[in-house]
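What follows is a short report on a single structure.
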Amino acid sequence: MAYSNFYGWFYSVRQQAASGLASVWHFNPSRWYFLVILLLQIGAWLEALFIYHNLSGDLLVLHYNVDFGIDLVGDPRQIFLYPIIGLGILAFNTIVAAALYRQRDFRVFAHFLLAAALVSALFLNLVLLFIYLINFR
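Residues 153 to 289 in my numbering are what the sequence shown lists, from first letter to last.
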């Protein structure tokens, strides 16, 4: 009996998640958000790969502060954390937007959440550009 209840609950949650994600996808502006974010994510991964492959040493400057100078140095593999964080932000905001698909103001929520993911992807690319400039210029 417990297995049947768990299966029913799992199936209903799966259906609601599919409905929420479908409603996010069928909202036309979200497709444009996803396209631009996808292009920015591809750019971020390419930037991270470029930095990783062109680094000659085994240390990478990950942060520079104008007041104190270099304040974060790490392993070159840590450069890949930045694009992973960008994917995490996109996934989290998409899941939240899908969870709010039954709300009356779903379109406004979707715009805010996906625009926040877009802005974070833009800043992510800027961060990787500055990391490149710190390490190679």
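Glycine included, every Cβ here is placed at the ideal spot set by N, Cα and C. Here the structure is a predicted model, which means the values were calculated and not measured.
Check	Outcome
Residue range of the alpha helix (DSSP H) that includes Leu266	Phe258 to Phe288
Span of the beta strand (DSSP E) around Val213	Leu212 to Asn217
Val271 classed as buried or exposed, judged by whether at least 16 other C-beta atoms fall within 10 angstroms	exposed
Coarse secondary structure for Leu224, derived from DSSP in three states	strand
Given 8 Å, three or more beta-carbon pairs between the region 266-284 and the region 231-249	yes
Member of Tyr163, Phe220, Asn217 and Phe179 whose CA lies at the smallest distance from the CA of His263	Phe179
Alpha carbon of Ala169 to alpha carbon of Ala250, nearest angstrom	7 Å
With 16 other Cβ atoms within 10 Å as the buried cut-off, status of Ile236	exposed
Contact between the region 225-233 and the region 190-210 (3+ Cβ pairs under 8 Å)	yes
With 16 other Cβ atoms within 10 Å as the buried cut-off, status of Ser182	buried
Cut-off 7 Å between Cβ atoms - residues of its own chain near Leu190, not counting five sequence neighbours on either side	none
Beta-carbon proximity check, Tyr185 vs Leu280, cutoff 7 Å	no
Per-residue DSSP class, three states only, for Ser182	helix
Nearest-angstrom Cα separation, counted from Ser164 out to Asp227	44 Å
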